[in-house]
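Visitor: Quick one: structure below, then a few questions.
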Amino acid sequence: MLPFKLVYSDAYYLPIGEHVFPAEKYRRIRDRLLASGVAEAKDFLEPQPATDQEFCWFTNQSMCTS
Numbered sequence: 001m002l003p004f005k006l007v008y009s010d011a012y013y014l015p016i017g018e019h020v021f022p023a024e025k026y027r028r029i030r031d032r033l034l035a036s037g038v039a040e041a042k043d044f045l046e047p048q049p050a051t052d053q054e055f056c057w058f059t060n061q062s063m064c065t066s
């Protein structure tokens, strides 16, 4: 078990084709960490969608209210 958590989700995979940062590499990294024993499944957290309030804070949208 790692002393920190890793973030990964298959739900966020977006195949964008040939690109300098292919989306496939993130799944491969996760798979390699699991296969090599460096990480266990419980070391991974699945991200949740941002709330409206979080989105407004992050994007600094003037139309959002506090």
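Residue numbering for the sequence shown follows my numbering, starting at 1 and increasing by one per position.
We treat Cβ as the ideally placed atom computed from N, Cα and C, and that holds for glycine.
From a predicted model like this one, the values you see are computed outputs, not experimental measurements.
From the DSSP output, in three-state form, read off F21 for me.
Guide: Locating residue 21 in the sequence shown gives position 21, where the first residue counts as 1. In this structure, F21 counts as coil in the three-state DSSP scheme.
Visitor: Contact check, K5 vs L45 under 8 Å by CB: the rounded distance?
Guide: Here residue 5 is taken as the residue at index 5 of the sequence shown, counted from 1. Here residue 45 is taken as the residue at index 45 of the sequence shown, counted from 1. Right, the Cβ-Cβ distance comes to about 5 Å (below 8 Å), so this counts as a contact.
Visitor: Do you know how far the Cα of G37 is from the Cα of Y13?
Guide: For the purposes of this step, residue 13 is identified with residue 13 of the sequence shown, where counting begins at 1. For the purposes of this step, residue 37 is identified with residue 37 of the sequence shown, where counting begins at 1. About 23 Å.
Visitor: Taking just the CA atoms, how far does R28 sit from T51?
Guide: Taking the first residue of the sequence shown as position 1, residue 51 is located at position 51. Taking the first residue of the sequence shown as position 1, residue 28 is located at position 28. One C-alpha to the other measures close to 29 Å.
Visitor: Suppose the cutoff is 6 Å on Cβ atoms and the five residues either side in sequence are ignored; what does the same chain contact list for R30 look like?
Guide: Taking the sequence shown and counting its residues from 1, one reaches residue 30 at position 30. Result list for R30: Y8, in chain order.
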